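Line order of the protein sequences matches chains A and B.
Note that our numbering has the first sequence beginning at 9, numbered continuously upward.
Note that our numbering has the second sequence beginning at -1, numbered continuously upward.
The C-beta atom is built at its ideal place from N, Cα and C for all residues, glycine as well.
The structure presented is a predicted model; accordingly, all values stated were derived computationally and were not measured.
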Amino acid sequence: MPRSGACDQRSYELANRLVGNASGAAAVEVTFGGLVLRAEADVVLAVTGAPCPGVPLNAPATLRAGEVLRLGAPTSGLRTYVAVRGGFAVPPVLGSRSTDLLSGLGPAPLTAGEVLPVGCEHGPMPGVDLAPVADPAAGEVAVRVTPGPRQDWFAANSLIGQTYTASSNSNRIGVRLEGTPLQRTREGELPSEGMTLGALQIPPSGLPVLFLADHPVTGGYPVIAYVAAGDLDACAQLRPGQSLRFVS
Amino acid sequence: MRILPAGDRAVLVELENLDEVLGYYAALSASPPDGVVDIVPAARTVMVTTDGSDLDAVTRLLRAVQPVDGRQASGELVEIPVVYDGEDLADVANLLGCDVAELVKRHTEEEWTVAFCGFAPGFGYLTGAGSWDIPRRSSPRTKVPAGAVALAGEFSGVYPRESPGGWQLLGHTPLKIFDQTRAPAALLQPGRRVRFVTADRP
């Protein structure tokens, strides 16, 4: 099964650091805002990733008992992270507190009315008032790629320089891309083979699927390229309709 | 052996056939190089993922791995009790040109090996020494129950949970093939040997 976890690792890790949590503490990943949290006791929290109006971003803040945190729709990016000091203490499944969409493991996606327990394990506060990080890009994003195992199933350099648009039919498993279909130069079936985070798989439609945190561990369509590890978080922040261009 | 690129942190080792994959996987997982965090065998390949520290060094070590003989590479034996009451028993017996009793005999006499996993958490692709070549059903079922014991291609398998599926159903096992509260959660790990045994109807 895949490793799962946050799609935008950098933002998730920052949120935990800002409240003095260990790096693996569970935070809430919010897709396109809309989360409303009411504190039942005083909590220290941090919000990172896609900036939502109405909440302090990239800075620790205290939510007093009875106060409400309301995330509007983000002004750029797709995924916002909310970490609470002590971490969200939902029961782990196989060592993870992550919702794995593909395997159907871990806690179910949150629904209105749910109560989230807060843990008590944390380190000292970091002594940072505001982390200076850029918001996710709003326009076209340049994404670096390296060759994949089946690049030779396609014409040379057919991916580099191409622009695609993120489809609304995307999720934590992968970003479906719309644009010019890639043509295979070789016919035939590929026996299923392993794949990992950042794989750009080309199904029979010729339109790439970029695999994120809940990716399948094997697949039967050729992987033309992999997204550079450093550019994966930016891909996890692509909104439907936003474009990306592949560069080498 | 070919080593194919698969991003900043992984490589895909391509081998000649499934036996070589089994042997390579057994040799590699017995003593994985430092920095290897995941090894995923498949039909012709072994995916090796690292922590990203030094992919070139790991790649050099991967080239030097000597596959052990695939059939000797197998590990612990797991017995799976099966009630042979599957909907496709008669069809599969027909395909093999034998009767149902003979099909059950062949399936239980075979020593299977978990070649690789995939499809769903805990689903193992089992291969045997016999010549099994069973086509998938022309139209997949939308619902195959958890525990269904099935055949397709050269493989036998057990559905870990209810899911759609196109394999031919021979029967079912009461055994939990995947249990997230157990360690390890998956009963069928690559390399494990499997024997199906006839169980009484409950």
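Would you tell me roughly how many angstroms separate the C-alpha atoms of Tyr22 (chain B) and Ser136 (chain B), rounded to the nearest one? Going by the C-alpha atoms only, they are around 34 angstroms apart.
Rounded to the nearest angstrom, how far is the Cβ of Ala150 (chain B) from that of Pro199 (chain A), given a contact under 8 angstroms? So it is not a contact: roughly 14 angstroms between Cβ atoms.
What three-state label does DSSP hand Cys115 (chain B) in the structure shown? Residue state, collapsed to three classes: strand.
Taking 8 angstroms as the threshold (beta carbon to beta carbon), is Gly85 (chain A) in contact with chain B? Not an interface residue.
Is any beta-carbon of chain B found at less than 8 angstroms from that of Ser12 (chain A)? Chain B has no Cβ within less than 8 angstroms of the Cβ of Ser12 (chain A).
In this structure, does DSSP put Gln106 (chain B) in helix, strand or coil? The question names Gln, yet the displayed sequence has Thr at residue 106 (chain B). Correct three-state label for Thr106 (chain B): helix.
Three-state secondary structure (DSSP) of Tyr234 (chain A): Of the three classes helix, strand and coil, the one that applies to Tyr234 (chain A) here is strand, per DSSP.
So which residues on chain B does Ser106 (chain A) lean against when the C-beta distance must stay under 7 angstroms? Within chain B, no residue has its CB atom less than 7 angstroms from the CB of Ser106 (chain A), the nearest being about 13 angstroms off.
Are three or more beta carbon pairs between the stretch 98 to 111 of chain A and the stretch 72 to 82 of chain A nearer than 8 angstroms? Inter-segment contact for the stretch 98 to 111 of chain A and the stretch 72 to 82 of chain A is absent: fewer than three beta-carbon pairs are separated by less than 8 angstroms.
Using DSSP's beta-bridge definition, name the partner residues of Met45 (chain B). Per DSSP, B:Leu10, B:Val38.
Just curious, the beta strand (DSSP E) that Val90 (chain B) is in, first and last residue? First-last for Val90 (chain B): 87 to 94, but that is the alpha helix (DSSP H), not the beta strand (DSSP E).
Considering Gly122 (chain B), what are the terminal residues of the beta strand (DSSP E) in which it resides? 122 to 125 is the extent of the beta strand (DSSP E) around Gly122 (chain B).
Those residues which DSSP pairs with His170 (chain B) across a bridge: Secondary-structure assignment with DSSP links His170 (chain B) through a beta bridge to B:Val81, B:Ala146.
Cα-Cα, which of A:Pro132, A:Val55, A:Glu48 is closest to Leu124 (chain A)? Considering only alpha carbons, the answer is A:Glu48.
Looking at C-alpha atoms only, which residue of A:Leu43, A:Leu190, A:Gly28 is the closest neighbour of Leu86 (chain A)? Of A:Leu43, A:Leu190, A:Gly28, the residue nearest in Cα terms is A:Leu43.
Report the residue from B:Val147, B:Pro188, B:Leu26, B:Arg159 whose alpha carbon sits nearest the alpha carbon of Val66 (chain B). Measuring from the Cα of Val66 (chain B), the nearest candidate turns out to be B:Leu26.
Give the C-beta separation of Ala8 (chain B) and Thr48 (chain B) to the nearest angstrom, bearing in mind that I take them to be a contact with Cβ-Cβ under 8 angstroms. Indeed, because the Cβ distance is near 7 angstroms, the residues count as touching under 8 angstroms.
So what does DSSP say about Arg58 (chain B), is it helix, strand or coil? Helix.
Helix or strand or just coil, what does DSSP make of Glu201 (chain A)? Glu201 (chain A): strand per DSSP, three-state reduction.
Taking the straight line between their C-alpha atoms, what separation do you get for His105 (chain B) and Glu197 (chain A)? Computed Cα separation, rounded: 28 angstroms.
DSSP state of Gly21 (chain B) mapped onto helix, strand, coil: Residue state, collapsed to three classes: helix.
How many Å lie between Leu65 (chain A) and Ala139 (chain A) at the Cα? Looking at the two C-alpha atoms, the distance is approximately 9 angstroms.
In this structure, how does DSSP classify Glu186 (chain A) when only helix, strand and coil are distinguished? DSSP places Glu186 (chain A) in the strand class (E or B) of the three-state scheme.
Nonlocal neighbours in the same chain, by C-beta distance under 6 angstroms from Pro119 (chain B), ignoring five residues either side: Cβ neighbours of Pro119 (chain B) beyond the five flanking positions: Phe176.
Where does Ala163 (chain A) fall in DSSP's three states? Coil.
Nearest neighbour of Ala183 (chain B), chosen from B:Trp165, B:Arg159, B:Thr196, B:Leu168 [CA to CA]: Restricting attention to B:Trp165, B:Arg159, B:Thr196, B:Leu168, the CA atom closest to the CA of Ala183 (chain B) is found in B:Arg159.
With DSSP collapsed to three states, give me the class of Ser154 (chain B). DSSP places Ser154 (chain B) in strand when its eight states are reduced to three.
According to DSSP, residues forming a beta bridge with Tyr20 (chain A): Tyr20 (chain A) is not bridged by DSSP to any residue.
Would you say Asp6 (chain B) lies against chain A (beta-carbon separation less than 8 angstroms)? At least one chain A Cβ lies under 8 angstroms of Asp6 (chain B).
By the 10 Å Cβ neighbour count, where 16 or more other Cβ atoms means buried, how is Leu105 (chain A) classified, buried or exposed? Looking at the sequence itself, residue 105 (chain A) is Arg, so the reference to Leu does not match. Result: buried.
With distances taken Cα to Cα, identify the nearest neighbour of Met45 (chain B) among A:Ala30, A:Gly156, A:Ala142. That would be A:Gly156, whose Cα lies nearest to the Cα of Met45 (chain B).
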